[in-house]
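Here is the structure we will look at.
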Amino acid sequence: AGLRDGARVVLGLSAAVALATMALLLLLPDPLVGLFLAPDDPDRAQVIAIGRQLLAAAALFQLVDAAQVQALGLLRGVQDTRVPMVIAALSYWVVGVPVSYLLGFTLGFGGPGIWLGLAAGLALAGVFMLVRFWGWSVRRIPAPAPVLRQQG
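Residue numbers (this note's numbering): 4 to 155.
Take a look at the structure:
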């Protein structure tokens with residue numbers, strides 16, 4: 004039960020940080036992009052408009068990346084590394100990269116499409132890794148031994 008509870012806490016904290024970061028990226032894109040631009044830059048409005056699109060894609064990326072990273076960490080913690088490596092490689096290279104190319108170039112979404120494609124690969128990896136953790140890895144861990152207390 005301890006491992007399961009710890010995993011829930013880790014996932015909850017990670018989700019909270021990811022959601023806070025998402026909110027920041029979605030609610031304050033103009034000031035965030037503006038930090039990197041001179042106030043009198045003639046291209047400022049155009050750069051901020053592009054940055055707004057990229058930060059929206061980055062916001063989604065935050066959530067799926069957090070899930071994938073935490074799932075991978077949980078699996079490492081129970082010494083389950085080979086299958087997650089295969090899951091990651093297939094998700095990134097067979098799904099993420101082709102979807103990035105499709106969205107970014109073939110369908111013409113540019114930079115945001117590339118980021119959304121990468122997020123699709125991360126999301127797939129995260130889902131499969133979480134399923135593996137909750138459905139298989141966590142069940143292999145023996146229950147903790149009861150603590151014996153001395154009378155005295």
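Think of the CB as a built atom: it goes at the ideal place given N, C-alpha and C, for glycine as much as any other residue.
Asked                                                                                                            : Found
Exposed unless 16 or more other CB atoms sit within 10 angstroms - verdict on D46                                : exposed
Of the residues L77, A48 and P32, the one placed nearest V12, counting alpha carbons only                        : L77
Beta-carbon gap between L27 and A122 smaller than 8 Å                                                            : no
Residue from P87, W139 and Q56 with nearest C-alpha to G116                                                      : Q56
Residue closest to R135, alpha-carbon to alpha-carbon, out of P32, I51, I53 and V81                              : V81
A128 versus W118 - alpha carbon distance                                                                         : 15 Å
Local Cβ density within 10 Å of L110, reported as buried at 16 or more and exposed below that                    : exposed
Alpha-carbon spacing of G54 relative to L6, whole angstroms                                                      : 41 Å
Buried or exposed (CB count within 10 angstroms, at least 16 for buried), G15                                    : exposed
Assigned secondary structure, L30 (DSSP; H/G/I helix, E/B strand, else coil)                                     : helix
Sub-8 Å separation of Q65 and A19 beta-carbons                                                                   : no
Nonlocal neighbours in the same chain, by C-beta distance under 7 Å from V67, ignoring five residues either side : A122, L125, A126 and G129
Distance, I90 Cα to L105 Cα                                                                                      : 21 Å
Identity of the residue in L31, P34 and V72 nearest A10 by Cα                                                    : V72
Reference A70, options S140, G107, M132 and P34, closest by Cα                                                   : M132
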